[in-house]
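Engineer: full-length UniProt numbering applies: residue 1 is where the sequence shown begins, and numbers increase by one.
For every residue, glycine included, the Cβ atom is placed at its ideal position computed from N, Cα and C.
Can you keep this structure in mind? I'll have questions shortly.
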Amino acid sequence: MDTAEDADVREDEELDDSEEEEEEEFQKMEGQVNKLADDKDVVNKQHISNVIGEEKKSILADLTGQVNKLAEDKDVVNKQHISNVIGEEKKSILADLTGQVNKLVERKDRVNKEHILNVVREEEKFYPC
């Protein structure tokens with residue numbers, strides 16, 4: 001027959017076994033939780049990497065657009081600059097031509113005056129006053 005002491009020992013052993021099982025179960029659960037946390041970290045790292053990758057793509061697309069816009073603006077500015085240079089050249093050429101025409105008109109006037117004076121002189125020879 002079991003004594004009360006034996007029953008207490010048996011009960012203590014059962015409690016110890018139960019505590020060991022609980023401890024093993026707790027360790028299993030703790031291992032699963034740690035694994036899930038590790039998996040979550042991996043997933044978070046991957047997610048962050050994907051987000052950063054998308055941001056990089058977006059930034060690159062924006063920068064590409066800005067560069068293309070600047071290139072177009074540069075072309076417009078270059079065209080405007082070329083147009084301005086041509087306009088200045090036209091003004092310069094026009095001023096030169098105007099000067100040349102004025103000189104020719106002055107010469108023509110002088111030639112005409114001289115011609116008229118020569119004609120008058122010749123006429124005076126024939127028709128003295």
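Rounded to the nearest angstrom, what separates Asn118 and Asn102 at their Cα positions?
Structural biologist: The alpha-carbon atoms of Asn118 and Asn102 are separated by roughly 24 Å.
Engineer: Distance check for Asp38 and Asp6, CA to CA, integer angstroms please.
Structural biologist: Distance between the alpha carbons of Asp6 and Asp38 is about 47 Å.
Engineer: Just the Cα atoms here: how many angstroms apart are Leu97 and Val120?
Structural biologist: Leu97 and Val120: Cα-Cα distance of roughly 34 Å.
Engineer: When the Cα atoms are used, what is the spatial distance from Asp17 to Ile52?
Structural biologist: When rounded, the distance between both Cα atoms is 51 Å.
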